[in-house]
Amino acid sequence: MNEKVRAANLKPETLPTAGELEVRRETMSRRQTPSEFLNQIRGRPVVVKLNSGVDYRGVLSCLDGYMNIALEQTEEYVNGQLKNKYGDAFIRGNNVLYISTQKRR
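Residue numbers are given in full-length UniProt numbering: position 4 of the sequence shown equals residue 4, and the series is strictly consecutive.
Below is the structure:
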């Protein structure tokens, strides 16, 4: 058994394999800035979660430096239940908790 493993009091099977380390390196090299991510998801279905807990789901059409968001084919969900459907919606950036991608409709 490796002395460093023994010194750290770890079992060798808990250490990552060389293959796992390579996957981690590849994943880290693909990381992108938030700005790059947002540019990449423009035109794709997203979920926008507001500070109030309300979700808006739609196609991200544009956003600006203040995180103001324009969505198309927008649906409003309150407590997981569909409440309204809108053609286009504008969401002020200071209300946004997060934006995530969703599967294509």
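Backbone N, C-alpha and C fix where the C-beta goes; we use that ideal spot for every residue, glycine too.
query	result
Closer than 8 angstroms by C-beta to residue 50: which residues in its own chain qualify, once you throw out the five before and the five after it? Chain order, please.	56, 91, 95, 96, 97
Figure out for me which residue from 18, 37, 42, 54 has the closest Cα to the Cα of residue 72.	42
Please report how far the alpha carbon of residue 58 lies from the alpha carbon of residue 52, in whole angstroms.	18 angstroms
In the DSSP assignment, find the unbroken alpha helix (DSSP H) run with residue 39 in it and report its ends.	34-41
Taking a contact to mean a Cβ-Cβ separation below 9 angstroms, would you say residue 99 touches residue 46 in this structure?	yes
Please return the same chain residues whose Cβ sits closer than 6 angstroms to the Cβ of residue 67, not counting the five positions on each side in sequence.	93, 96
Using alpha carbons as the reference points, say which of 37, 80, 75 lies closest to residue 87.	75
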